[in-house]
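Data first, discussion second: the structure below is written as structure tokens.
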Amino acid sequence: MSSDCTEVPLRGPKELDNCCSSYYLDRWEIYGESLADARYMPFSCTSHSISLNKLTRCTATWQSGVLNISGLELLKLWFMSRKRVALSLCSSVVMFYDILTGMGAAYGTAKSGVGVASMGVMRPELVMKSIVPVVMAGVLGIYGLIIAVIISTGINPKAKSYYLFDGYAHLSSGLACGLAGLSAGMAIGIVGDAGVRANAQQPKLFVGMILILIFAEALALYGLIVGIILSSRAVVSRMAGELGSSASVPTTSSSSSSSWAKTRSLWPSILRWIPTSVDHIIAAEKRLLSLVKTSYVVEQVNIGSGPPGSKVRWFRSASDEPRFINTATFQSKEDSPTLVMVHGYAASQGFFFRNFDALASRFKIIAIDQLGWGGSSRPDFTCKSTEETEAWFIDSFEEWRKAKNLSGFILLGHSFGGYVAAKYALKHPEHVQHLILVGPAGFSSESESKPEWLTKLRATWKGAVFNHLWESNFTPQKVVRGLGPWGPDLVNRYTTARFGAYSTGEVLNEEESKLLSDYVYHTLAAKASGELCLKYIFSFGAFARMPLLQRNYKGLESLARNFRSLACVGWRNELLTKARSAETISSVKWHASDFEWKVPTTFIYGFEDWMNYQGAQEARQHMKVPCEIIRVPQGGHFVFIDNPTGFHSAMLYACRRYISPKPENERLPEGLTFA
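Numbered as in numbering that gives the first Met the number 0, the sequence shown ends at 674 without a single skipped number.
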């Protein structure tokens, strides 16, 4: 043992807690390349070496229950432990700085109130105008209340993942808002008192006083904004810590995966309003899939910059930039049929987490995130029509299929993913062995009869507002992003309600709900891309603009010839809609060429699914291939989550001929019904 080292008895985290009276000593601070670049890692008594400072290249090692450490490093270690104690005190005094905002509001109100009292004697008719400074001073107190609530929700004395950075972020947040509020309150009080008195002598000074008060109020508002941003950084720090300490799942990825995962936002993290990133999506997916027992491999499949022969250049947003499709492949028997699973709108492949284990015993499962969703690439969405939007998803899926060298697979699509899967099967039927559509969208059009509630809603001003928002491509994801650091709470409330209190079947347990909520938030809050397809594929009410049920209306052909000169697609659509509504039901005929369904199909609906299965029944009447419609009890639109057991039974029945050439039982499993 070197002479410049000091022996320190080995202590566990609990002993250190008792020694230093701090909740935060279960983590040591390890310095990076500079003292300002701090990193954190879990403290463990089983570790053999701890690098305390790369600048001095000194290390501390465990030997026979004794920590061998130099005197200099021991001093640093002692100082870091003192910082942890200071951190516990820091969280206690942060709220004091929020009181500064209240003090500023009180001073501004009192000082301005003196001027109001004087005006009551001198010019009673101007009293109401004189109250303006008092009101603006009172608003400062609301700013303090907001920042106090934000900070208090981020401080938990019993939490073991409260980092030093969190403490400084909360401290800075309170200081920024508190001092700005105090300064603004003093300015409003002084200017308000003098301004209302001067206004009694010269009314023209009132406008000048208001402008000064507005600028003073803006000062406090700036402090609030900075405080919120700093508080949101504490949330990101905590999420990053959980990400670093989460258990790893045995997965592998291709070399292309690493380059995509390492993508970082050039925007400074301290100024990022939305606490998410590509790394957060990948980590959230890994945590959710840790619930799956079957081994799997995750890879980022390079689909290039777009199909060379495509008439619709869905990839034109960045000419030569490659695209990647996030793909999870689950281990299965060699002779198992291949099942490709495609998620729906506002979802990702992780939504099937309850189904992977059961289905992997019979299928080789490949689940993907569509282009612009989940962990896949999110290029700028440049599509301007329904045709281009469909090509965005269909062509990218075909490029993915080529990259994976797949053919003769079973294709499953849920909701919007069912629409994409059906369109793909119509365009490339030679690659699809069987098509399974789970609560698919796109089998009803706007020209058909609408639900009574939707008809009534459209007749109101609320319906007009909703329709305008829809046509403006205002998506639910924009709301999540707009809430910034409060977005995760909104998503958590929705997930807990949808798959908990309002579930139509099996409720998620606490762990499943937490992991799914975290996963959903990061996939929704990420860069807008595929989500912008909404207004081009569907009209308000989720009616397909180009429905899978193609109809021919008597007289429309001649109308189209007469109005071919119309360049505006909107005019043509409106004309067709009016013409269709004027026709009788007896004039409806089917396009045999357009609706040439060549792939055997199975529809699966939950009993409580809001998607109308009557459209599937109508489609079946015009199919020349085998078609079944299966309804699963205790299931809604997410039937594979609500009733996974029933969904698995429906899947095995639908694919019985591919699993076994001579199925033993042709009867529908108990509980399921045919439509």
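Beta carbons: idealized from backbone N, C-alpha and C, even for Gly.
These figures come from a predicted structure and were not determined experimentally.
Taken through DSSP and simplified to helix, strand or coil, I658 comes out as helix. Counting along the chain, H433 sits inside no alpha helix (DSSP H); it lies in the beta strand (DSSP E) bounded by residues V431 to V437.
Using a Cβ distance threshold of 8 Å, I145 and G486 do not count as a contacting pair. Checking the DSSP bridge columns, you'll see E298 partnered with T326. Cβ-Cβ separation between R630 and L671: approximately 7 Å, consistent with a contact (criterion under 8 Å).
Cβ-Cβ distances below 7 Å link L482 to L489 in the same chain, with the five nearest sequence neighbours on each side left out; the list follows chain order. Closest in C-alpha terms to V638, from the list M610, P625, A525 and Q616, comes M610.
By the criterion of at least three beta-carbon pairs nearer than 8 Å, the segment 317–331 is in contact with the segment 358–376. Distance from the CA atom of C532 to the CA atom of E398, rounded to whole angstroms, is 19 Å. Contact check for F323 against S384 fails: the beta carbons are separated by 8 Å or more.
With distances taken between CA atoms, F602 lies nearest to A649 out of A649, N642 and P643.
In this structure G499 is exposed. Its beta-carbon is surrounded by fewer than 16 other beta-carbon atoms within 10 angstroms. Under the three-state reduction of DSSP, Y612 is assigned to coil, being neither helix nor strand. Residues of the same chain with their beta carbon placed closer than 6 Å to that of V464 are lacking, with the five preceding and five following residues left out of the count. Beta-bridge pairing by DSSP links V339 to I365 and L410. Relative to G191, the option among A219, V113, T503 and L434 whose CA is nearest is V113. Taking 8 Å as the cut-off, the Cβ atoms of M340 and L290 do not count as close.
Closest by C-alpha distance to Y657, out of H433, S512, G605 and T459, is H433. T337 places its beta carbon less than 8 Å from that of I409. Residue state for G670 is assigned as coil, using DSSP reduced to three classes. The Cβ neighbour count for H467, taken over all protein chains shown within 10 Å, is under 16; the residue is labelled exposed. DSSP places G499 within a helical segment (H, G or I) once states are collapsed to three. Taking 8 Å as the cut-off, the Cβ atoms of F355 and I364 count as close. Bounds of any beta strand (DSSP E) do not take in V419; it lies within the alpha helix (DSSP H) bounded by F415 to K426. Taking 8 Å as the cut-off, the beta carbon of L220 is found no closer than this to the beta carbon of L99. S502 and A496 have their C-alpha atoms roughly 7 Å apart. Rounded to the nearest whole angstrom, the C-alpha separation of C654 and A458 is 45 Å. Under the DSSP assignment, Y520 falls in the alpha helix (DSSP H) whose first and last residues are E509 to A524.
Contact check for I150 against G173 passes: the beta carbons are separated by less than 8 Å.
Look at the beta carbons and you see the segment 522–530 not touching the segment 286–304: under three pairs across the two are nearer than 8 Å. For V131, the three-state secondary structure derived from DSSP is helix.
For G407, the number of other beta carbons within 10 angstroms of its own is below 16, and it is reported as exposed.
The beta-bridge partner set that DSSP reports for G303 consists of R322. Nearest neighbour of G226 by Cα position, chosen from V300, D165 and N472, turns out to be D165. No Cβ-Cβ contact shorter than 8 Å links A390 with S414.
As computed with DSSP, G605 is found in a beta bridge with V631.
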